[in-house]
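As they're listed, the protein sequences go chains P, L, R and X. Following this note's numbering, the numbering of the first sequence begins with 15 at its first residue and continues without gaps. Following this note's numbering, the numbering of the second sequence begins with 15 at its first residue and continues without gaps. Following this note's numbering, the numbering of the third sequence begins with 15 at its first residue and continues without gaps. Following this note's numbering, the numbering of the fourth sequence begins with 15 at its first residue and continues without gaps. By construction, the Cβ of each residue, glycine as well, lies at the ideal position given by its N, Cα and C atoms.
4 protein chains.
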Amino acid sequence: DEWDETWLSCTREGNECYHYVGDTLAFPKQTNLERGHFLHGPYPATHFGPKACVLPNPTSVMHIQDPASQRLTWSKPPLNVLVIRKIRDETLLEPFRELCRFLVEEKHLMVYVEKKVVDDGSLMRDDSFSAIRNQLCTFREGFDDISDCIDLIICLGGDGTLLYASSLFQGSVPPVMAFHLGSLGFLTPFKFESFRTEVDKVFEGNAAIILRSRLKVKVVKGTFQKNEQLLSAQENGILPHNHINNEAGKITLQLQVLNEVVVDRGPSSYLSNVDLYLDGRLITSVQGDGVIVSTPTGSTAYAAAAGASMIHPNVPAIMVTPICPHSLSFRPIVVPAGVELMITLSPDARNTAWVSFDGRKRQEIQHGDR
Amino acid sequence: DEWDETWLSCTREGNECYHYVGDTLAFPKQTNLERGHFLHGPYPATHFGPKACVLPNPTSVMHIQDPASQRLTWSKPPLNVLVIRKIRDETLLEPFRELCRFLVEEKHLMVYVEKKVVDDGSLMRDDSFSAIRNQLCTFREGFDDISDCIDLIICLGGDGTLLYASSLFQGSVPPVMAFHLGSLGFLTPFKFESFRTEVDKVFEGNAAIILRSRLKVKVVKGTFQKNEQLLSAQENGILPHNHINNEAGKITLQLQVLNEVVVDRGPSSYLSNVDLYLDGRLITSVQGDGVIVSTPTGSTAYAAAAGASMIHPNVPAIMVTPICPHSLSFRPIVVPAGVELMITLSPDARNTAWVSFDGRKRQEIQHGDR
Amino acid sequence: DEWDETWLSCTREGNECYHYVGDTLAFPKQTNLERGHFLHGPYPATHFGPKACVLPNPTSVMHIQDPASQRLTWSKPPLNVLVIRKIRDETLLEPFRELCRFLVEEKHLMVYVEKKVVDDGSLMRDDSFSAIRNQLCTFREGFDDISDCIDLIICLGGDGTLLYASSLFQGSVPPVMAFHLGSLGFLTPFKFESFRTEVDKVFEGNAAIILRSRLKVKVVKGTFQKNEQLLSAQENGILPHNHINNEAGKITLQLQVLNEVVVDRGPSSYLSNVDLYLDGRLITSVQGDGVIVSTPTGSTAYAAAAGASMIHPNVPAIMVTPICPHSLSFRPIVVPAGVELMITLSPDARNTAWVSFDGRKRQEIQHGDR
Amino acid sequence: DEWDETWLSCTREGNECYHYVGDTLAFPKQTNLERGHFLHGPYPATHFGPKACVLPNPTSVMHIQDPASQRLTWSKPPLNVLVIRKIRDETLLEPFRELCRFLVEEKHLMVYVEKKVVDDGSLMRDDSFSAIRNQLCTFREGFDDISDCIDLIICLGGDGTLLYASSLFQGSVPPVMAFHLGSLGFLTPFKFESFRTEVDKVFEGNAAIILRSRLKVKVVKGTFQKNEQLLSAQENGILPHNHINNEAGKITLQLQVLNEVVVDRGPSSYLSNVDLYLDGRLITSVQGDGVIVSTPTGSTAYAAAAGASMIHPNVPAIMVTPICPHSLSFRPIVVPAGVELMITLSPDARNTAWVSFDGRKRQEIQHGDR
C-alpha cells in the first residue's frame, strides 16, 4: 500500500507508447480515432543540394512497426488472471467482489490474488463471498513466483497498483487492464462500470494496445576504478567503451522500472556529487539533491516536480532531471532511448549517495559502484 | 546582422541529429569515437506473458538507417560554394579573405558571396584582394535565387549565420560547413585554423555528417470555422481529421525553421489565447504570453529561456513550450516528431496573436487563421 | 472591460498590506482573529559580544504604526459613492440594480457611475430602473474628473475592476469595497449577499482596513547621457547620485500602478536589452523578453507566470522579475520598498523597448529615456 | 570542514541587512557611497479621499533606526579575537600564519583558535611559527565554551566559515570580519591583502556595519494534539493562538540559523507531508520532498536551487520554499519577518520527516512534534 505514497503519473496527454529499451508492458486501450502515423524514423533525406548524398549503409538499417497500429491477440485462450487491488481502501471492496465473481463464475478463469488481499477482515466476514474466495489462488509476494503463469493482469485502484504489478514481473509482463474508480488515472483508462464488456473485448483478441516502456537498471558494485580511469576520463572526456560494457563487477541488483530511478543524498543533509556518463562519455557532474532518470511515463511524476518537461509516451527518449542542482542553469535533458547511462559518485564526493527504483529497494551507492 | 539578436542555440550535448519531419540539413562533423547505436525503434516486444502477442502488421513496418552511421559523399565533384559571413564583424575580415583566396586560387571553385558582404568598405579599399573579388559571384537576398546551384555552404561566424543559411534554402539544403572563430558554437564544430584540411576532407567524400532537422510550417488564412467546428471540437475534444488536412484555405506562407516557430501576443500587452491541436485533437489552450514550437536544436534557444528541458538532437521530437502561462502548472511538453500541430486563436480570444519563424517574417494571426 | 484580459492577482495568502512607497489604497476588510503583530523593524540589537555596540543615531529613527492595527473612520459622513461595474457581464446586471437602489433610496447617497455603464442596453429598456437611473451621476473616463469628490468606491465584479478603480485615482484614493460574485477574488473579500450589512458597517466607521501599496512610476524622456555616463557607470558600477535625482528631463508620464510595470520587447521578435539601476547603481542587465517590476499584489499576477515567488502583501518589498532571460541562472530578485529603481535601454541595445502600466498606456522607450 | 559541502550563499546584490527576528550578527563592511535611505515603514497615509482617515493608535507605533546608518563602536578596547580558518585547505596556511603573527606580535591580542586548526601537521613542523603557536589559546568545539569572552571574530576562507562561526555563538554574536582569498564570497567582503588596515579601522570604532539576521528555531516534542486540534484547525483554518505559544512541550533543541531550516523526507523515498502554520493559521500543506524556511541570506543558497527568488538582505522577510512539490503550481512564498511559523507532520502523513539547521543537527520529526 506504500505505493500510494510514491509519485503517481498524471497527464492530460494521449497514451500510446513506443517500445525502446528494457522490456515493455502491453496495456489494452479504448480505441480512439485513427490518427497520423508517428514516423519516428522514416528514411533520412538522401540528397543535399545538386551533388551531395548519403552513402547507403544496409547493415545499419532497422525495421520498425508503427506503434499506432499495434494490436493484441492470443496464441491460446487466456486462463490465468491476476487481480491486483489497492488495499486499505474500503471503496474497492465491492468492485473487487463483483470482478472476482464475474471472472470465476461467468468466465470460469483461474483468478490469482495476493494473500493479504483476500485475508482482508471484511472479506473474511462476508459469507456470501466465501464460495468465491475458496476458488481464488492466493500467493505471497516474495515467496510464491507467479510471474510465468499469468496470462492477464487486472488492476483496481489507481496508478500505484501498476507500479506494483510492474514490480512483480521482472521478465515478460502479461497485458495489463487497469480500471479506475473515481478520478481518472493516467495509466488507468477503463471505467469500472463497463468492466464486463471491456474484459470480453480483450479476450476476443485484436484489441488495440499501448506499449509502455520500462528502463533496465543494473547496480554494479566496486569495479569502477575511479582514480586513474575517471581522471583520464575527465581529461579527454571519454572512457574506453569496453570498460562500460565489462560486467566483471558484482551485479547486486537488476530490475526494470516503469517510472524512474532516483539517485539522491539519502539521509545526508549535504550535497550529493554524482557523475553522469552517456555511452561512456562523461557529460556532466550533478551537484545537488540528486538526479532522476525517468521514462516518458515517469516524466510526469517525480521528474515533473523537479522541473522536467512532460514527455509524450510515444517519444523514444529518457529524461534526465537534476534535483535542486547547485548550478541554477542546469536544465533537465532529454536523451535518446537506447543510450547507456551510467551514474557514479564523483571522485571528489565526500558523501555516498542512495538509489531507489520506482520508489523502492532503496540502497547506498559507494565509490566504485555504478 | 539582426540574426545576432535572435536566440542562438548553445548546449554541452553531442550533436548528431535525426531526420524526421520537414527536411534536413547535412553538417559535416569531426568524427568522434564509435559509440553505441541509437536504436530509436528496434522491433517491439511481440510476446507478453505466456499467451499474449502482437498481431504482425507488415504494412506498417518502417526502415530506418542508424543516424550514427550516416556519411556524406558526392555524385559529381562539387563546384559551387556559398560563403556566408557575419557582417559588421571586423575580426572576420581576414579569415574571410583567406578562405576566398583558398577556394578560388587553390581549389578553383566558383565562390558565391552576398553582395553586401563584398561591398564592405574595407574590402573595397583592399587592392590585394581586388583580383579575388572580381572572381566572386555575388547575389542579393530576395532578388537572385541561388538555391539550386550551390553544392556546399561554408559559414564564418557563429550560429546566427546558420539560421541565415537555413532561410536561404527552403528546399533541399546543400551540406553546411560551419567554422567558429573564438568561442565554440553549438552549430559550428570546426576550428578555422585547420580549414584547409577540413575542406579537403569533405571534398574527398565519406565524411561523417550530422543531420539536423527543420520544422515545416504553413500559415493558412481564414478557412478555419471556429464557431461550430471548434465548439463541437471542444465538446468531444476532436476535430474531423480531414478538416485538418483540407488545404482549401489560402496558404500565405510556407517555410522551414531550424530553431522554432513562436506565437505570441505581439505588440499587445494583454494575454494571448491560442488553442493547440495535435493531429486534429485539441490538447490544450494556452493563455499567457504565447507558445513556442521548437526543434531539438531550438530547444536550447528561446524555449530554454521559457523553461523547456534541453532535447538531445538525436531525439525525434518536437518541444511545445508555453511562454509565461497563466496556469502555473502548465509545463512544456515533448511530442513525437511526425505529428501535425495546429495553432489557432481561441474562439473567445479578444486579441489577435503574432507569429514569427526563427525570429523572422513576423505577422499577425487572426480568427480563422491557423 | 479590457481589464478582464490583464493579469489578475490570485493567492491563498492573508491580505493585510503595509504602506511603503507611492501612495496607498484603503480596503475595508472583514475582521479576522487577533494575530501576532508584524514587527517589521524593532530596534536592532545594540550589543554584539562583550564590547561591541551600535552607535545610537536619533536622526535616523522612524516611527511606524503596526499595519495589523489600522482602522478606518470618517471625518465627515460620507456622501458620494462611486460604483464600478464590470461591463459586458449580464450576471452583474441584477446585483448592480440592487446596489444602486439600496444606495440611492435607502442610504440617500450621491451615486457616481460611468456613463457607458448606465447606457447599457438592457438597463435602458428596464423601466422599473429608470427612476433610479435618473438620480445617478454619470461621468466619462478622461473627460470628467471625479477624483476629488468621491468618498467611497464600491466595485462589482472581480479584481480587474480594482485595477480600473486604481487608474481613476492617481492622487489620494478613497476606501474601496470590493464585492465578488461567484469565485472569490484575491482583492474582493466581500460576499455580495450581505452587501447591506457590510456597507453599513463601513459607514459606521472603525472598520478594519487593508493598506495596499502602489508603485510610483515616472517616464523621463531623452535626458539620460548613455555614452559617457553609462560607460563610466559600468566601469565603477555606480552613477553620481544627483544624476538619478535630476529631473531636468521631460517627464512624459507619471502614475501609480497597483500590480506592475512591464518593460518588454513589444512588437519586435528580437531580444530586449535593458539595464536596471538600484539607487543609482547598475545591478544587472536583462537580456530577454523583458522585465517586470511589481508590488506584492502584482507578485501573484504576471510576475508569478514569469517565475516569481509570491510575496505576502505585508512585506515591504518590490519584486523584479526577468521575462524569459537569456541567462538561465538569472532569478527574480526581491528588493526593499523605498529604493529607487531606474530602467534604461542598454547602451548596445539595437531595438527599443516598450513599457506598460498595469497592462495599460503602452509606449515606446528609446535610448536616453528612463 | 563538512561546511564546505553545505549550501553557500552567493549573489550579485548589495549586502546590507536589516535586523528583524532572532538575533543579529554584526559584519563590519567596506563603506560605499551614501545612498537613499531604505524607509521600510514611513508613516502610512492617513487620509483616503475627502473624508476617510485612519484612527491614530499610539500604542502600536514602533521606532526603527534606518539600517543604512548603523555604525559599530566599542565600549572597552577589544582584547580577545577568535580566528576561524577553513581546514584542509593548504592555501590558507600562510595567510593564517601572517594573521596570527600580526594579531599576537603587533596588536598584542589574545587570539583564540580551534585546537584541530593549530594541530595541523604542517603547522606543527613549522619551527618559525612555534613561538606564535605557544601564545594562542586553543579550544575544542563542544568542550570549551568561549562564546562569552570573544570580542571580535575573524574568518579566513569563504562563506562556510561564517556558518560555522554562527553555530559557535547561539547567544550574542561578536562582530565578524570575513576575509576572502581567491573568489569573492557573498559574506566575505574584505580582501586579505589589506587585512592590517582593515583590522585597524574596525578597532578604531565607528566602522560601518551590516546587520545580518538569523532565524530562531525551536524543536518541541510530542505536545501537539494533532487529532482534535488539527482537525478543528483545518475546519476553521485556525488554531487557538495560546496553543501555539504554550511551551508545555519538551523543547529538545533551540538554536539560530543563518541560512535556513530544512524539513525533508530524510532517508525515506516517499513523499513527506507537512503542514505549515503562520501565526497559528494553517496556510498550506506541503507534499513533496520537503520545505525550506530561509533568511534572506539563505534565499540565495539551497532555497535558490529549489526555485526561490533571491531576497535582498535588507528586506525584512522569510522565504518559504517547497522542495519538489507534488502540486506543480505551488510557488515559494515570501512572508513578513516577525511572524511565527510552525511546521508539523500532516495528520495523515505515513512517514516521519527530518529537520536540519544550516545543514547540521539533523533529527527526526514525528507526529506530535513541531
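**OP:** Have a look at R:Glu-155, R:Leu-113 and R:Leu-166 and flag the residue whose alpha-carbon is nearest the alpha-carbon of Ser-89 of chain R.
**Re:** Within the third sequence, numbered from 1, the residue matching residue 89 of chain R stands at position 75. Answer by Cα proximity: R:Leu-166.
**OP:** Check each residue of the stretch 273-285 of chain P: if its Cβ is closer than 9 Å to any Cβ of chain X, include it; give the result in chain order.
**Re:** From the stretch 273-285 of chain P, only Val-276, Asp-278, Gly-280, Pro-281, Ser-282, Ser-283, Tyr-284 and Leu-285 have a Cβ closer than 9 Å to chain X.
Original post:
For Leu-355 of chain L, does the three-state DSSP call read helix, strand or coil?
Top reply: Position 341 of the second sequence, counted from the first residue, corresponds to residue 355 of chain L. The three-state reading of DSSP puts Leu-355 of chain L in strand, counting E and B together.
**OP:** Can you tell me which of R:Ala-318, R:Pro-339, R:Val-68 and R:Thr-175 puts its alpha carbon nearest to the alpha carbon of Leu-225 of chain X?
**Re:** For the purposes of this step, residue 225 of chain X is identified with residue 211 of the fourth sequence, where counting begins at 1. Ranking the options by Cα distance to Leu-225 of chain X, first place goes to R:Val-68.
**OP:** Going by CA-CA distance only, name the one from P:Phe-193, P:Leu-96, P:Pro-327 and P:Asp-372 that's closest to Val-1 of chain P.
**Re:** Residue numbering for chain P in the displayed model covers 15 to 384; residue 1 of chain P lies beyond these limits and cannot be assessed.
**OP:** Could you pull the start and end residues of the alpha helix (DSSP H) that Leu-176 of chain L belongs to?
**Re:** Residue numbering aside, residue 176 of chain L sits at position 162 when the second sequence is read from its first letter. For Leu-176 of chain L, the enclosing alpha helix (DSSP H) begins and ends at 173-182.
Original post:
Which residue from L:Leu-272, L:Pro-189, L:Ala-315 and L:Val-369 puts its Cα closest to that of Ile-357 of chain L?
Top reply: Numbered from its first residue, the second sequence carries residue 357 of chain L at position 343. Answer by Cα proximity: L:Val-369.
**OP:** Give me the Cα-Cα distance between Thr-105 of chain P and Leu-170 of chain P, rounded to the nearest whole angstrom.
**Re:** Here residue 105 of chain P corresponds to residue number 91 of the first sequence, with the count starting at 1. Here residue 170 of chain P corresponds to residue number 156 of the first sequence, with the count starting at 1. Rounded to whole angstroms, Thr-105 of chain P to Leu-170 of chain P spans 11 Å at the Cα level.
Original post:
Taking the alpha-carbon positions, what's the Ser-142 of chain L to Arg-111 of chain L distance?
Top reply: Position 128 of the second sequence, counted from the first residue, corresponds to residue 142 of chain L. Position 97 of the second sequence, counted from the first residue, corresponds to residue 111 of chain L. Cα to Cα, Ser-142 of chain L sits roughly 10 Å from Arg-111 of chain L.
Original post:
Does the Cβ-Cβ distance between Ser-283 of chain X and Arg-376 of chain P come in under 8 Å?
Top reply: Counted from its first residue, the fourth sequence places residue 283 of chain X at position 269. Counted from its first residue, the first sequence places residue 376 of chain P at position 362. Taking 8 Å as the Cβ cut-off, Ser-283 of chain X and Arg-376 of chain P qualify as a contacting pair.
Original post:
What residues match up with Pro-350 of chain R in a beta bridge as DSSP calls it?
Top reply: Your numbering for residue 350 of chain R matches position 336 in the third sequence. Pro-350 of chain R is bridged to R:Ala-331.
Original post:
Taking Cβ positions only, does Asn-250 of chain P come closer than 8 Å to chain X?
Top reply: Sequence index remark: in the first sequence, residue 250 of chain P carries index 236 (1-based). Here the model assigns Asn-250 of chain P a pLDDT of 48, short of 50, so the residue's position is not dependable, and the following value carries that caveat. No, Asn-250 of chain P does not count as interfacial toward chain X.
Original post:
With DSSP run on the structure shown, which of helix, strand or coil describes Lys-130 of chain L?
Top reply: Residue mapping note: residue 130 of chain L aligns to position 116 of the second sequence, counting from 1. In this structure, Lys-130 of chain L counts as helix in the three-state DSSP scheme.
**OP:** Per DSSP, which residues does Gln-377 of chain X bridge with? Please list them.
**Re:** Looking up residue 377 of chain X in the fourth sequence gives position 363. Looking at the DSSP output, Gln-377 of chain X shares a beta bridge with X:Val-369.
Original post:
Taking DSSP as the reference, what is the three-state secondary structure of Ala-363 of chain X?
Top reply: Taking the fourth sequence and counting its residues from 1, one reaches residue 363 of chain X at position 349. Here Ala-363 of chain X sits in coil by DSSP.
**OP:** Ignore the nearest five residues each way along the sequence and tell me which others in Phe-153 of chain P's own chain have a CB closer than 7 Å to its CB.
**Re:** The residue you call residue 153 of chain P lines up with position 139 of the first sequence. Excluding positions up to five away in sequence, the list reads Tyr-126, Glu-128, Lys-129 and Ile-160.
**OP:** Anything in the stretch 316-346 of chain P with a Cβ closer than 7 Å to a Cβ of chain R? List those residues in chain order, please.
**Re:** Result list: Leu-342, Ser-343 and Arg-345.
Original post:
Is the beta carbon of Val-329 of chain P sitting closer than 8 Å to the one on Pro-350 of chain L?
Top reply: Here residue 329 of chain P is taken as the residue at index 315 of the first sequence, counted from 1. Here residue 350 of chain L is taken as the residue at index 336 of the second sequence, counted from 1. In this structure, Val-329 of chain P lies near Pro-350 of chain L, with their beta-carbon atoms less than 8 Å apart.
Original post:
Under 8 Å, do Ser-341 of chain R and Ile-325 of chain R count as touching if we go by C-beta distance?
Top reply: Here residue 341 of chain R refers to the residue found at position 327 of the third sequence. Here residue 325 of chain R refers to the residue found at position 311 of the third sequence. Contact: no.
Original post:
Which runs of the alpha helix (DSSP H) fall wholly inside the stretch 299-331 of chain P and span at least 4 residues, in chain order?
Top reply: The DSSP assignment places 316-319 as complete runs of the alpha helix (DSSP H) inside the stretch 299-331 of chain P, in order along the chain (cut-off: 4 residues).
Subject >> Integer Cβ distance of Val-305 of chain P from Leu-290 of chain P, believed to fall under 8 Å >> reply: Counted from its first residue, the first sequence places residue 305 of chain P at position 291. Counted from its first residue, the first sequence places residue 290 of chain P at position 276. The C-beta distance from Val-305 of chain P to Leu-290 of chain P rounds to 7 Å, short enough to meet the 8 Å contact threshold.
Subject >> Residue nearest to Phe-206 of chain X in terms of C-alpha spacing, selected from X:Asp-383, X:Asp-278 and X:His-194 >> reply: Indexing the fourth sequence from 1 puts residue 206 of chain X at position 192. Comparing Cα-Cα distances from Phe-206 of chain X to each of X:Asp-383, X:Asp-278 and X:His-194, the minimum goes to X:His-194.
**OP:** Please decide whether Arg-85 of chain R counts as near chain X, where near means a Cβ-Cβ distance under 8 Å.
**Re:** Sequence index remark: in the third sequence, residue 85 of chain R carries index 71 (1-based). Chain X contact via Cβ: present.
Original post:
Under a CB-based cut-off of 8 Å, is Arg-376 of chain R close to chain L?
Top reply: Sequence index remark: in the third sequence, residue 376 of chain R carries index 362 (1-based). Yes, Arg-376 of chain R counts as interfacial toward chain L.
Original post:
Should Ser-181 of chain L be flagged as near chain R, meaning a C-beta pair shorter than 8 Å?
Top reply: Residue numbering aside, residue 181 of chain L sits at position 167 when the second sequence is read from its first letter. At a cut-off of 8 Å, the C-beta of Ser-181 of chain L has no neighbouring C-beta in chain R.
Original post:
Using a Cβ-Cβ cut-off of 7 Å (strictly less than) and excluding sequence neighbours within five positions of Phe-209 of chain P, which residues of its own chain qualify?
Top reply: As a first step, residue 209 of chain P is located in the first sequence; it is residue number 195 there, counting from the start. Counting only Cβ-Cβ distances below 7 Å, and skipping sequence neighbours, we find Leu-113 and Phe-193.
Original post:
Taking just the CA atoms, how far does Lys-65 of chain X sit from Cys-163 of chain R?
Top reply: One-based indexing of the third sequence puts residue 163 of chain R at position 149. One-based indexing of the fourth sequence puts residue 65 of chain X at position 51. Going from the Cα of Cys-163 of chain R to the Cα of Lys-65 of chain X covers about 9 Å.
Subject >> Identified DSSP bridge partners for Ile-168 of chain R >> reply: As a first step, residue 168 of chain R must be located in the third sequence, where it is residue number 154. Bridge partners of Ile-168 of chain R: R:Val-97 and R:Met-191.
Original post:
For Asn-148 of chain X, which residues of its own chain have a beta-carbon under 8 Å away from its beta-carbon, when the five flanking residues on both sides are left out?
Top reply: Taking the fourth sequence and counting its residues from 1, the one referred to as residue 148 of chain X is at position 134. Taken in chain order, the list of residues that qualify is empty.
Original post:
So which residues on chain P does Ser-370 of chain X lean against when the C-beta distance must stay under 7 Å?
Top reply: If you number the fourth sequence from 1, residue 370 of chain X lands on position 356. What Ser-370 of chain X touches in chain P: Ser-283.
Original post:
Taking any Cβ of chain X, which residues in the stretch 301-314 of chain P have a Cβ under 8 Å from it, in chain order?
Top reply: The stretch 301-314 of chain P vs chain X, Cβ under 8 Å: Gly-302 and Asp-303.
Subject >> Span of the alpha helix (DSSP H), counted from its first residue to its last, around Thr-266 of chain X >> reply: Taking the fourth sequence and counting its residues from 1, the one referred to as residue 266 of chain X is at position 252. Premise fails: Thr-266 of chain X lies in the beta strand (DSSP E), 264-271, not in any alpha helix (DSSP H).
Original post:
Which value, in whole angstroms, describes the spacing of the CA atoms of Asp-303 of chain X and Met-191 of chain X?
Top reply: In the fourth sequence, the residue the question calls residue 303 of chain X occupies position 289. In the fourth sequence, the residue the question calls residue 191 of chain X occupies position 177. Roughly 36 Å between the two C-alpha positions.
Subject >> is_contact[Gly-373 of chain P, chain X] using C-beta, thresh 8 Å >> reply: For the purposes of this step, residue 373 of chain P is taken as the residue at position 359 of the first sequence. So, interface residue.
**OP:** Kindly give me the distance between the Cβ atoms of Arg-228 of chain L and Ser-180 of chain L, rounded to whole angstroms, as I take these residues to be in contact under 8 Å.
**Re:** As a first step, residue 228 of chain L is located in the second sequence; it is residue number 214 there, counting from the start. As a first step, residue 180 of chain L is located in the second sequence; it is residue number 166 there, counting from the start. The distance from the Cβ of Arg-228 of chain L to that of Ser-180 of chain L is about 7 Å, consistent with a contact at the 8 Å cut-off.
Original post:
What three-state label does DSSP hand Asn-148 of chain L in the structure shown?
Top reply: Translated into the one-based positions of the second sequence, residue 148 of chain L becomes position 134. If DSSP states are grouped into helix, strand and coil, Asn-148 of chain L belongs with the helices.
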